[in-house]
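So the sequence shown is numbered by the working numbering: it starts at 13 and just counts up by one. Notes follow once the structure below has been shown.
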Amino acid sequence: MTIIVTGGAGFIGGNFIHYMLKKHPDYRIVCLDCLTYAGNMDTLAPVMDNPNFRFCKVDITDRAEVYKVFMEEKPDMVVNFAAESHVDRSIEEPAVFLQTNILGTSVMMDACRRYGIKRYHQVSTDEVYGDLPLDRPDLFFTEETPIHTSSPYSASKASADLLVLAYHRTFGLPVSISRCSNNYGPYHFPEKLIPLMIANALNDKPLPVYGKGENVRDWLYVEDHCKAIDLIIHNGREGEVYNVGGHNEMKNIDIVKLIIKELGKSEDLIQFVADRRGHDLRYAIDPTKIHNELGWEPETKFADGIKKTIKWYLDNREWWEKIISGEYKDYYKRMYNAR
Ligand code: NAD
Ligand code: DAU
13 MTIIVTGGAG
23 FIGGNFIHYM
33 LKKHPDYRIV
43 CLDCLTYAGN
53 MDTLAPVMDN
63 PNFRFCKVDI
73 TDRAEVYKVF
83 MEEKPDMVVN
93 FAAESHVDRS
103 IEEPAVFLQT
113 NILGTSVMMD
123 ACRRYGIKRY
133 HQVSTDEVYG
143 DLPLDRPDLF
153 FTEETPIHTS
163 SPYSASKASA
173 DLLVLAYHRT
183 FGLPVSISRC
193 SNNYGPYHFP
203 EKLIPLMIAN
213 ALNDKPLPVY
223 GKGENVRDWL
233 YVEDHCKAID
243 LIIHNGREGE
253 VYNVGGHNEM
263 KNIDIVKLII
273 KELGKSEDLI
283 QFVADRRGHD
293 LRYAIDPTKI
303 HNELGWEPET
313 KFADGIKKTI
323 KWYLDNREWW
333 EKIISGEYKD
343 YYKRMYNAR
């Protein structure tokens, strides 16, 4: 079995590659990643010497390069993680989100059509459903919830999902889609809420909370997401969408306070800053379908997962300190200084 994993030098793709090489030691994993600011070869360092692993520096929008890898590797499956993934950056500069997230997806699927494939899996997001009100805790996103996007990021991911379903219906491509809630865990790029708060708190820097910190996200430990994708590509039905989430809703401010407590820092570090434009209020996934059909359920409780994650950032300072001392500094200034 050969699987092409795109975006494997990023957060979830990297965790997925580690997980798959351990779980299926006889599988060949070929990673395609063009190493944007979010791609990091340090994340893949532990598997670079594995004879069943190959890294190819390829942009998924580069048709000729993608086709070349397909000809060489003859993959059985593709799991497409590669994307521009940060909502705030999509508000700053939408164009690259359309390029990678939509056009890149179509190039990957064209390659699958041309060379044949057992399964093309699209890693999507709960953000395609828009948001839920804060005062209706009884409401959840199901696979039937209409697409209703808020940011250029979520609009690009929803467009890609529509394209994936169109390739299934029109060309019979054997596809599946997973729509997951917020992930956290090792190798999470420090622009995102949890690693940003850990890194800033460790450096006694202000902790920028958007608005009042009342927005709710449904957090899932990244390994549980990897397990869900592994189940879907092997046992999930073709042409189907599966929601993946942990029934673990938390307000941003509570997450920030928890991190402060775990690190023994002061809540005086919290700084309320201008809200994100178009900020989604609440995400909450109903994972009944994947539970009933594939027996998936989250295994890591948030109380344990967040401790493990904080410990990882303490034990792997080099990994994130290298990032925040580079071009990230300019991003941080642009995003936060005048906020
Ligand atoms: P990330 O930003 O950490 O990593 C993205 C990776 O894709 C990077 O390695 C980057 O170099 C690569 N990449 C970007 N553009 C590329 C291109 N044109 N060609 C090749 N490689 C390219 O992202 P992540 O948080 O790991 O998210 C991975 C996927 O999961 C994305 O599709 C995202 O929409 C989805 N997702 C993320 C979350 C989350 O909480 N992070 C939740 C649900 C779904
Ligand atoms: O729900 C899945 C999505 O989760 C994925 O599709 C995205 O790729 C991923 O980035 C994530 O999106 P969010 O926008 O929810 O994640 P982020 O970490 O950027 O923000 C989480 C919440 O924290 C959100 O309500 C905004 C808030 N926030 C974020 C940052 C970076 C702050 O209050 N302060 C911050 O500095």
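Glycine included, every Cβ here is placed at the ideal spot set by N, Cα and C.
query: Cutoff 7 Å; reference Gly290; Cβ partners in own chain excluding five residues on either side; result: Ser162 and Ser163
query: Check: Arg288 C-beta below 7 Å from any heavy atom of ligand 2; result: yes
query: Sequence-distant residues of the same chain with beta carbon closer than 7 Å to Glu252, five excluded per side; result: Ser188
query: heavy atom of ligand 2 below 7 Å from Glu279 C-beta; result: no
query: Given Trp331 as reference, the closest of Ala50, Lys217, Gly276 and Thr55 once Cα atoms are compared; result: Thr55
query: Near ligand 2: His180 beta-carbon under 7 Å from a heavy atom; result: no
query: Within 8 Å, strictly: CB atoms of Ala178 and Ile114; result: no
query: Span separating the alpha-carbon of Phe23 from that of Tyr254; result: 21 Å
query: Alpha-carbon spacing of Ile103 relative to Arg249, whole angstroms; result: 35 Å
query: Under the three-state DSSP convention, the category Arg329 falls into; result: helix
query: Backbone CA spacing between Pro202 and Arg329 [nearest angstrom]; result: 12 Å
query: Cys238, DSSP secondary structure in three states; result: helix
query: Residue burial classification, Pro299 (beta-carbon count within 10 angstroms, cutoff 16); result: buried
query: Check: His98 C-beta below 7 Å from any heavy atom of ligand 2; result: yes
query: Beta-bridge pairing of Ser171 - partner residues as DSSP gives them; result: Paired residue(s): none; Ser171 is not in a bridge.
query: Distance between Lys130 and Val70 (C-alpha atoms, nearest Å); result: 22 Å
query: Status (buried if at least 16 other CB within 10 Å, exposed otherwise) for Met83; result: exposed
query: 8 Å contact criterion, which Ile282 and Val221 should meet: CB distance rounded; result: 6 Å
query: Assumed close pair Ile267, Leu205 - CB separation to whole angstroms, cut-off 8 Å; result: 7 Å
query: Per-residue burial, Ala315 [other beta carbons within 10 Å of its own, 16 or more giving buried]; result: exposed
query: For Tyr132 and Pro186, believed in contact at Cβ under 8 Å, the rounded distance; result: 7 Å
query: Near ligand 2: Pro220 beta-carbon under 7 Å from a heavy atom; result: yes
query: Distance, Trp324 Cα to Cys192 Cα; result: 23 Å
query: Whole-number beta carbon distance between Lys86 and Thr14, since they are thought to touch under 8 Å; result: 7 Å
query: Cys124 CB to nearest heavy atom of ligand 1 below 7 Å; result: no
query: Contained alpha helix (DSSP H) runs [length at least 4] in the region 201-263, N- to C-terminal order; result: 205-214 and 234-247
query: CB contact flag (Phe152, Ala296, <8 Å); result: yes
query: Buried versus exposed, by CB contacts within 10 Å (16 or more), His98; result: buried
query: Sequence-distant residues of the same chain with beta carbon closer than 7 Å to Ile336, five excluded per side; result: Pro202 and Ala211
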